[in-house]
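Trainee: The structure's right below; bear with me while I get my questions together.
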Amino acid sequence: MATRFLSLKQNKMTNKDKFLALVSNEVTDTAARNKERIKNRKRLRESQGIALKVLNRLDELGWTQKRLADELQVSPQQVSKIVKGKENLTLETQVKLQELLDIPILASYYEKNINRLAEQFVVTIKAKTIVQKTVHVAKDTSTITAKGKVVSLKLASTSEKAPRYTQYDVAS
Amino acid sequence: MKIVTIFEPRLFSLVYQQEGEESGDNEYDRLMELWMDVEYLRTFAIENGVNQVDQFVEDRLTDAETIQDLLDEIKDTEKPLSHYFRALDNREYATTELSKQKGKTSKKDGLRLYAIKVDDDMYVITGGAIKMSYKMDDHPGTQAELPKLETAKAFLLEHGVFDGDSFFEFKTEQDDK
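Structure (structure tokens):
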């Protein structure tokens, strides 16, 4: 009786052992791919951010992905890859996208355009009404006239979502 | 239907092979690639009437990263998979055979992996979905996963699988073919 139970137990071990012995033949590379995703995370996040900006801008412009491909002089397959957000884009492609679509991808977008961004601003004056003024901004500080009063302003932030609008806080 | 090993001897996944295709990706990789596809997530959000599309996309990308980290940790530290998977039916007894399970990293996780629990710390992933409603039935994405769980369970039972040992026996035979 004891012998029979012993051989049953040996059978139990054998199935798992048999499996583990063969497992190297068909293990997926999932664990390795997973590690790769983690390793490339910072770069992937940048690619994803660019993809989202491109898709939003295409909608705004009413462009298809095919139109973008034509304008960029690349294949539609390449554009399809860009908008998935997994491509490791070359600097050249990033510059082309930035110039063509007028979207912030590189630091140069803000550095070059600090003057051009002076189109229309919403100025919030503490405890006062909101004033809209068109101003020219040479550097990051300027003055405007609001309700007959000259106030000085400091560049507080540029919103990524609406780069043409800059919120100013009153300096004093 | 084929079952492949993600990391032995604890996590496995189904591979649903399409007709005419040589081999498909396993469900974990297929879903992870989808959940990292910005265009897919954005279209999904728009089609489902999400208000803040950009935020939704960013949240799902973050959720995917959390799953990747957890899976990596579970593999390297032998942390039990029960940290991620729970019974689909809250009322289920712990000893239910081939229990249907859902995986989520936290209450905030907007993504789900679904699996059959074959034995203690042994799971076969059957699919996954973006969680859009409280009950699985209330959204087509999650609803579509229920028959996949049923089919997988039936498939396993059909092949004499009811616990870890019978699973290894079946798997060895499958791989031998």
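These protein sequence lines are chains A and B, in that order.
The first sequence maps to residues 1 to 172 in this note's numbering.
The second sequence maps to residues 1 to 177 in this note's numbering.
Note that beta-carbon positions come from the ideal geometry of N, C-alpha and C, so glycine has one too.
This structure is a prediction, so every number in the text was calculated from the model and none was measured.
So what's T93/A in DSSP terms, helix, strand or just coil?
Mentor: helix
Trainee: Based on the DSSP output, what are the partners of R112/B in its beta bridges?
Mentor: BP columns for R112/B point to A129/B.
Trainee: Name, please, each residue of chain B whose Cβ falls closer than 7 Å to the Cβ of R33/A.
Mentor: D29
Trainee: Between which two residues does the beta strand (DSSP E) containing S208/A stretch?
Mentor: Nothing about residue 208/A can be reported from this structure: the residues present for chain A run from 1 to 172 only.
Trainee: Are I125/B and A115/B touching if we call contact CB-CB under 8 Å?
Mentor: yes
Trainee: Does DSSP put K2/B in a helix, in a strand, or in coil?
Mentor: strand
Trainee: Within 8 Å (strictly less), CB to CB, does I6/B reach chain A?
Mentor: yes
Trainee: Where are the alpha helix (DSSP H) runs, 4 residues long or more, that stay fully inside the region 24-63 of chain A, in chain order?
Mentor: 30-39, 41-61
Trainee: Going by DSSP, which residues form a beta bridge with G103/B?
Mentor: F85/B, L113/B
Trainee: Hey, could you find the ends of the alpha helix (DSSP H) V57/B is sitting in?
Mentor: 53-77
Trainee: Buried or exposed, going by whether 16 or more other CB atoms sit within 10 Å of the CB of A144/B?
Mentor: Answer is exposed; the Cβ neighbour count stays below 16.
Trainee: Of all the options Q77/A, I82/A, V74/A, L68/A, which has the alpha carbon lying nearest to the alpha carbon of A51/A?
Mentor: I82/A
Trainee: Is E111/A buried or exposed, if buried means 16 or more other CB atoms sit within 10 Å of its CB?
Mentor: exposed
Trainee: Which residues mark the beginning and the end of the beta strand (DSSP E) in which V15/B is found?
Mentor: 11-15
Trainee: Answer yes or no: does any C-beta atom of chain B fall closer than 8 Å to that of I38/A?
Mentor: Using a CB distance cut-off of 8 Å, I38/A counts as an interface residue toward chain B.
Trainee: Can you give me the start and stop residues for the alpha helix (DSSP H) that P140/B sits inside?
Mentor: 140-143
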